Ligand SMILES: Cc1cc2nc3c(=O)[nH]c(=O)nc-3n(C[C@H](O)[C@H](O)[C@H](O)COP(=O)(O)OP(=O)(O)OC[C@H]3O[C@@H](n4cnc5c(N)ncnc54)[C@H](O)[C@@H]3O)c2cc1C
Ligand SMILES: Cc1cc2nc3c(=O)[nH]c(=O)nc-3n(C[C@H](O)[C@H](O)[C@H](O)COP(=O)(O)OP(=O)(O)OC[C@H]3O[C@@H](n4cnc5c(N)ncnc54)[C@H](O)[C@@H]3O)c2cc1C
Ligand SMILES: Cc1cc2nc3c(=O)[nH]c(=O)nc-3n(C[C@H](O)[C@H](O)[C@H](O)COP(=O)(O)O)c2cc1C
Ligand SMILES: Cc1cc2nc3c(=O)[nH]c(=O)nc-3n(C[C@H](O)[C@H](O)[C@H](O)COP(=O)(O)O)c2cc1C
Ligand code: FES
Ligand code: FES
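Chains as they are written, first to last, in this note's numbering: chain A, 1 to 252; chain B, 1001 to 1252; chain C, 2001 to 2300; chain D, 3001 to 3300.
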């Protein structure tokens, strides 16, 4: 883990409001575990705190991020030009823990794909991918995994299954679930809620990557907690004990 | 008076730490009176308030400023590139009042030349110029008036008279002061103090352009005052009743 | 069309945006840029019974996203204000709120008494941040008993509604506001500047001690508005770091019926007309019929 | 070579730069970036007799040049701190200041009593911003009598020096500090965060109420340090918006013998080691032999 200076070498809109950012690092970072993230200091001095982003990919001193414009910081980032410098505190947090299983199911909602891209790369053909988004256009977020034959749902029915990704998964879960499987997921919290309802009966293990407002990203401030079932210390830091948690341990 | 957007078309160092700034205005400003100034909003969002600068020159929608780097704002300005935009609230304040005289003496100290450049242009050959600076190099600040045969002093003696500009003036005052003259001056306040001591005996009229920390530049905040001999309301606003004051009315 | 007008003490203001006292001169200074008749109401520079010269310079100092001022309440006195500057407001039919102060109870009372009711005078705004020179210099606004007493006395000498403008440097704002309320105050302006100071590390000196204003004050002032709105039912004017229409909205939603813009005008002298226009646009987009419907909605 | 060391309560610290309580976790979290032994002293996260869970999220919110937090004092309790986290400081011989709190007088006293003196414990820092649940929830630090009483009681049960960390939301800081002083306090940390609040204008709601920290706090905290230094002669630790070495210097010149860096660490986790290095460079450039010579020099 270190604070590394990076130079933006690409910052491209891939779907409206969604960008792929390529940053050349001044020195290599420790090899990131899928699910780990970076705290990015933006060049805009009006953005006071760093912003957390999953490490989308990492190759030869170049870090990739995929982000969606939602507020002040991401808006400013989207207008940041090539050659601007950012500072990256990375890699941070506890990523996905890949244990020996018969099958791995990856469930991603929207920009949540950014949090599991590296995981999918690692799992390769072993990954059974479920991707849910709003409309066909957003499939572009998935383009690097098209060859893995992902199951796709769109809320407006413009491509694939018409509905949400958990409904889609429920249709296929029986056929997949012959044996020892594990689910990995990243996306909005209401997706986790339905996912949990679905997996509950079969007690399928599930690791989920959570988001929470952060100040430090290092476990210093205790600002980014999620409540868990741990009675002694219910609030766990997303940046340190997470962002990946055992879905069955978290209070949603 | 208006707030006018401007685009920087030149920002050149002319002597070390001294810059000439050329700004193309989106619309013309009212013709500035010599001694008037602008409040400049810098593009750097860390510089909170505007900064006051004399209007050095103005021609065809292009405003010129000459500035010296002294702190945060001017430092940031010096590193601002071409095509950056600034906002200019201008022209502001009460400039020099040119009445019929037999001769006009202009006394400028260092970057104070920026405050009398437009005045000298207006007076032309009628102006008898005294310019004081630290070393020969700084003569570059005066280059547009070289043809007017200015009297020059340098503190280190590297050019012209060895000493300060008021000492230089005192050597020549007798010969100039045949009749009805007036002095116009801009520079540091300690220069005004010696100047006043020199002119006192002969009761020579003198208009001086003052500086004071400003917040609004418009007379709104009463932050930029100078104490005057007016008993009823001693504190006058530099941005509104000034920056040019009758030297004999100000408490130094 | 959405209505921007708000009612304050029975009078209609064309919109809920005012300047903050001391940040728009005597009013006429802004006229070359935009007309004072655009204001919901003009708040006067702090006036006193007798003229005051104010402090020596430096009087203003830039801070990160803030301003420290120590103007020292320079003003021409209440009489000269009404003789020389008020006619412009008369001519333009622009309502005013008269901000006033004193260094003794007698000065407050005499000043309030001096101001004759006028259709255009919406209220008198008491600046309670002033030191009480007879009580060792502690600000009137810091002590509930002093607040009660002075509001009561001022109320007794005028029919014009009284707004208490409170200082943030208190232990318990509710207690102070409660004291003013018990004494019959008609409304509040929240907040005045925060006492602060600058150290010049090059000169090893303290060049200025004064009140901090600007964006840095906003979350503190918002809390004040939110708290007082939920406990006392009189109009609140919000003040502190309002830079744009969304800041203005956050004050309104927290409980302000109108807002005052100060330091922002120094950064951009068109801030006030811009905020008015953008609030209008906002209302229309939201199809909200009246801005006054938004006061306090953040309380849910 | 210039000396960065400062003496605090008879013990030598290698330099005058500490973290602010609650902003450097339990210490070990920063170790992957730089060693805690670089600190003048480590200030613990606020500890209490019994563990506390803290508040639900959101707990942090970005403001213009500031941060609002409502962590709610989550901590493992004083016993677990000494069992699990203190050994690292022992091993690295890093002095610590134990920040602690309670919601009743009894909790403060019991917590202080629980902490056994140790060569590495420089002082106990009492967080006086906590609400006194037995007195309707008013913060201990707002009332001179409560401050006097609690400091006195805590002093009675421990030999370790006591630092009072004061809240800015008071009427008269000198009065509060005076009460702590009369009760025998050994030093002050000035200031804690400023109570504030956020309005979300899209959701018409108040997502967070909490303490404001960061650069916005600096001029207010500087004033506090300056004022208390000139009236009471005990060591002062400066806290509030220190982002770089010049901010640190301004606190020292205003009267602090050491400084605490909080929010800045979130923006740049290397802020503390950078400040230490730059203060060193400054001393050498100035040919100032000792940093401790600079305390209070702005008072002229
Ligand atoms: C571990 C982690 C990994 C993430 N990975 C990605 C990613 O790969 N791609 C992506 O687009 N987004 C990701 N996010 C969400 C991303 O951090 C937020 O969208 C972003 O911080 C919003 O900043 P803003 O200034 O645009 O929004 P604003 O709402 O203006 O931000 C204000 C504050 O709220 C925080 N905030 C707002 N939304 C979120 C959120 N959803 N999660 C956490 N903090 C938030 C901001 O960090 C900031 O401090 C991740 C979040 C976490 C915690
Ligand atoms: C009417 C007027 C005309 C001026 N014309 C020129 C000019 O043509 N060329 C030029 O180089 N300078 C001029 N100055 C001075 C110039 O405004 C300051 O040098 C500049 O504001 C310094 O800003 P800074 O951020 O670099 O310095 P900092 O010291 O970092 O500024 C901090 C604050 O102090 C104020 N300040 C600092 N020094 C001065 C000063 N001497 N006068 C007024 N405010 C100051 C700044 O405006 C700012 O608000 C003029 C000043 C006035 C009042
Ligand atoms: C230069 C200046 C002068 C002020 N003068 C007064 C005054 O005379 N009376 C008063 O009650 N408040 C005065 N104030 C406080 C403002 O009215 C306002 O309450 C405060 O600045 C906070 O708002 P802002 O952040 O929008 O500036 C003054 C503020 C400034 C900056
Ligand atoms: C996330 C966070 C947690 C804090 N926790 C505590 C605490 O437990 N005890 C305490 O006395 N102060 C606490 N503080 C206050 C800081 O110690 C410090 O006094 C304050 O933040 C001002 O300094 P800064 O502007 O450098 O952050 C906390 C501040 C923050 C931002
Ligand atoms: S963001 Fe600070 S502890 Fe997680
Ligand atoms: S700068 Fe505001 S009155 Fe002159």
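Don't be surprised by glycine CBs; every beta carbon is placed ideally from N, CA and C.
Quick caveat: nothing in here was measured; it's all calculated off a predicted structure.
- No residue range can be given for residue 2118 (chain C), since it is assigned to no alpha helix (DSSP H) and is classified by DSSP as neither H nor E.
- Contact note: residue 2236 (chain C) does not reach chain D at a C-beta cutoff of 7 Å; the least C-beta distance is about 14 Å.
- The beta carbon of residue 1053 (chain B) sits no closer than 7 Å to any heavy atom of ligand 6.
- Taking a contact as a CB-CB distance under 8 Å, the pair residue 2262 (chain C) and residue 2213 (chain C) counts as one, their CB atoms being some 6 Å apart.
- According to the DSSP assignment, residue 2188 (chain C) belongs to no alpha helix (DSSP H) but to the beta strand (DSSP E) extending over 2187-2190.
- Taking the Cα positions, residue 1008 (chain B) is about 12 Å away from residue 1041 (chain B).
- Within the same chain, and ignoring the five residues on either side of residue 2053 (chain C) in sequence, the residues whose Cβ sits closer than 7 Å to its Cβ are 2074.
- The contact set of residue 3287 (chain D) on chain C, defined by CB atoms closer than 7 Å, is empty, because the minimum CB distance reaches about 15 Å.
- Judged by their CB atoms, residue 2220 (chain C) and residue 2168 (chain C) are nearer to each other than the 8 Å cut-off.
- Flagged as an interface residue toward chain B: residue 2066 (chain C), by a C-beta distance shorter than 8 Å.
- Cβ neighbours of residue 2210 (chain C) within its own chain (closer than 6 Å, five residues either side excluded): 2068, 2069, 2070.
- With a cutoff of 8 Å on beta-carbon distance, residue 3260 (chain D) and residue 3238 (chain D) are scored as near each other.
- For residue 104 (chain A), the secondary structure class from DSSP, reduced to helix, strand or coil, is strand.
- When rounded, the separation of the alpha-carbon atoms in residue 1045 (chain B) and residue 2190 (chain C) is 27 Å.
- Approximately 5 Å separates the beta-carbon atoms of residue 69 (chain A) and residue 78 (chain A); this is inside 8 Å, confirming the contact.
- Within the region 2221-2253 of chain C, those residues whose Cβ lies closer than 7 Å to any Cβ of chain D are, in chain order, 2222, 2223, 2226, 2246, 2249, 2250, 2253.
- As DSSP reads the structure, residue 1015 (chain B) sits in a beta bridge with B:1018.
- Among the CB atoms of chain C, none fall inside 8 Å of the CB of residue 1053 (chain B).
- DSSP places residue 131 (chain A) in the uninterrupted beta strand (DSSP E) bounded by 127-133.
- At a beta-carbon threshold of 8 Å, the residues of chain D lying near residue 2196 (chain C) are 3219, 3220, 3222, 3223, ordered along the chain.
- With a cutoff of 7 Å, residue 1237 (chain B) counts as near ligand 6, since its C-beta is closer than that to a heavy atom of the ligand.
- Unbroken alpha helix (DSSP H) runs of no fewer than 4 residues, entirely contained in the region 1050-1114 of chain B, are found at 1072-1078, following chain order.
- In the DSSP assignment, residue 45 (chain A) is bridged to no other residue.
- In this structure, residue 68 (chain A) has its CB closer than 7 Å to one or more heavy atoms of ligand 1.
- Within chain D, the C-beta atoms nearer than 7 Å to that of residue 235 (chain A) come from 3053, 3054, 3074, in chain order.
- The DSSP-derived three-state label of residue 1155 (chain B) is coil.
- Residue contact with chain D for residue 2171 (chain C): present (Cβ-Cβ distance below 8 Å to some residue of chain D).
- Among the residues of the region 3017-3038 of chain D, none has a Cβ less than 7 Å away from any Cβ of chain C.
- The beta carbon of residue 1146 (chain B) sits closer than 6 Å to none of the beta carbons in its chain outside the five residues before and after it.
- Where residue 3230 (chain D) is concerned, the enclosing alpha helix (DSSP H) starts and stops at 3218-3231.
- At least 8 Å separates the CB of residue 139 (chain A) from every CB of chain D.
- Within the region 3250-3286 of chain D, the alpha helix (DSSP H) runs of at least 4 residues that lie entirely inside it are, in chain order, 3264-3267, 3271-3286.
- Your pair residue 105 (chain A) and residue 128 (chain A) checks out as a contact, with CB atoms roughly 5 Å apart and the cut at 8 Å.
- Relative to ligand 2, residue 1137 (chain B) has its C-beta separated by 7 Å or more from all heavy atoms.
- With respect to the C-alpha of residue 1073 (chain B), the residue from C:2080, C:2081, C:2064, C:2078 having the closest C-alpha is C:2064.
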